[in-house]
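Residue numbers (the numbering used here): 4 to 129.
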């Protein structure tokens, strides 16, 4: 299984959890891909959620393709990992729906089922 190591922040380096989205949101505003900062932030959040959904779906597919190991302990761990990945995908889908709902309130004409127009990449949120 592949993945990224996520370093923990030191207390002195702590910033807003949304600070990373502000950089992308500012870029979207400058490029004219969002009408205002709220819409740009939501677009950035939706883009990140879709990226995470794709990554987790790849991990789940890998787990489901594994050949049985004939070791009950490993099989139990694999089953747990598959269950947690499915739960994660379900949770991400909920977050996407909530973010899309918020985005609709900010600018109703600019969002589609596959995402805000600047981020539409063919992914469906169902």
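For every residue, glycine included, the Cβ atom is placed at its ideal position computed from N, Cα and C.
(message) Can you tell me whether residue 62 is buried or exposed? The criterion is at least 16 other CB atoms within 10 Å of its CB, across all chains shown.
(response) With 16 or more other Cβ atoms within 10 Å, it is buried.
(request) Evaluate contact between the stretch 39 to 49 and the stretch 58 to 77, counting only Cβ atoms and requiring at least three cross-stretch pairs below 8 angstroms. (result) no
(request) In angstroms with no decimal places, state the Cα-to-Cα distance between residue 106 and residue 76. (result) 44 angstroms
(request) Out of 88, 103, 73 and 41, point me to the one whose CA is closest to residue 25's CA. (result) 41
(message) Output needed for residue 90: all residues of its chain with C-beta closer than 7 angstroms, excluding positions within five of it in sequence on either side, in chain order.
(response) none
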